[in-house]
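Visitor:
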Amino acid sequence: MVKRQRTVPACPPGSGPVRTCVGCRARARAGELLRVAVVDGNLVLDLRRRIHGRGAWIHPDPDCLGMAERRRAFPRALRVPGPLDVTAVAEGLARVLSAQVGPGPTRTEQEHRRQVDPS
Ligand SMILES: [Zn+2]
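Residues in the sequence shown are numbered from 4 upward in steps of one, following our numbering.
1. Is the closest heavy atom of ligand 1 to the C-beta of glycine 44 under 6 Å?
2. Do glycine 95 and ligand 1 come close, with the Cβ less than 6 Å from some heavy atom?
3. Where isoleucine 61 and glycine 26 are concerned, what is the direct C-alpha to C-alpha distance, given to the nearest angstrom?
4. In angstroms, rounded to a whole number, what distance separates the CA positions of arginine 76 and leucine 68?
5. If you run the structure through DSSP and keep just helix, strand and coil, what is arginine 27?
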């Protein structure tokens, strides 16, 4: 019987993988975080989580992004030299947030449909 010692405290099974936000350093389930990867030296938001290589995880929160940028967490987490531009990530994050908490296009779509309804 092999006894494995882990530095990570036991987490309940079935709760999914746990990642650490590079901004606020809090741990959260991977499903609650966004993955950030590097493509050709540029930071990108990996919404589909299919970009190969190292990934950094961050809350969908501009504050976390700001903290990660200030402490240069992305180059460290992704093992790349030099500063990284977070503009693309900030834009992607804004898009994700507006899709989640915004009023949504449903109402305008309905109004639009009513307007073009042939009579
Ligand atoms: Zn965070």
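Even for Gly, the Cβ is constructed at its ideal location relative to N, Cα and C. From a predicted model like this one, the values you see are computed outputs, not experimental measurements.
Guide: In short:
1. In the sequence shown, residue 44 corresponds to position 41, counting from 1. No; taking the cut-off as 6 Å, the Cβ of glycine 44 has no heavy atom of ligand 1 nearer than that.
2. Here residue 95 refers to the residue found at position 92 when the sequence shown is read from its first residue. Checking the Cβ of glycine 95 against ligand 1 gives no.
3. Counting from one through the sequence shown, the residue named residue 61 turns up at place 58. Counting from one through the sequence shown, the residue named residue 26 turns up at place 23. In a straight line, the C-alpha of isoleucine 61 is about 6 Å away from that of glycine 26.
4. The count along the sequence shown starts at 1 and reaches residue 76 at position 73. The count along the sequence shown starts at 1 and reaches residue 68 at position 65. Position check: residue 76 holds alanine in this sequence, whereas arginine was assumed. Going by the C-alpha atoms only, they are around 10 Å apart.
5. Taking the sequence shown and counting its residues from 1, the one referred to as residue 27 is at position 24. Sequence check: residue 27 is cysteine here, not arginine. Note: cysteine 27 maps to coil in three-state DSSP.
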